[in-house]
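Residue numbers (the UniProt record's numbering): 1 to 121.
Just so it is clear, CB atoms sit at the ideal spot from N, CA and C, and this is done for glycine as well.
Structure below.
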């Protein structure tokens, strides 16, 4: 069993389940969150190795979550991959500017997701 913990953050139950299933199939431990505030709490509490973070979330969007986690000394080292349907170059630029370590657009294949995870964990 892999000891790496991934936090999957997505407000879509379907997208969240797809990512969770892909991660667990490779032996990663997985936690999930459905909105920004919950993601912040779990990131601080659990200190995951990687966060797969949607941009469009209730309460606090993924850009805000990423910026706050990367500016906090307790969570700044956590790798964050933005996983979103926002596919414009400006969205990708903004995500990286907020501190994201990678950017994956939806829809994605399981292989694409696992590739970005393997490169960042």
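Worksheet entry | beta strand (DSSP E) runs contained entirely in the segment 22 to 82, provided each spans 3 or more residues | 29 to 33, 50 to 53
Fill in: Beta-bridge pairing of residue 6 - partner residues as DSSP gives them
On the chain shown, position 6 is the one that residue 6 refers to. Answer is 30, 50, bridged to residue 6.
Worksheet item: Terminal residues of the continuous alpha helix (DSSP H) containing residue 95?
Response: Your numbering for residue 95 matches position 95 in the chain shown. Going by DSSP, residue 95 is part of the alpha helix (DSSP H) stretching over 89 to 97.
Worksheet entry | Burial state of residue 32 (16 or more Cβ within 10 Å) | The sequence position of residue 32 within the chain shown is 32, counting from 1. Per the 10 Å Cβ criterion, buried.
Fill in: Residue nearest to residue 63 in terms of C-alpha spacing, selected from 49, 50, 83
Mapped onto the chain shown, residue 63 falls at position 63. Of 49, 50, 83, the residue nearest in Cα terms is 83.
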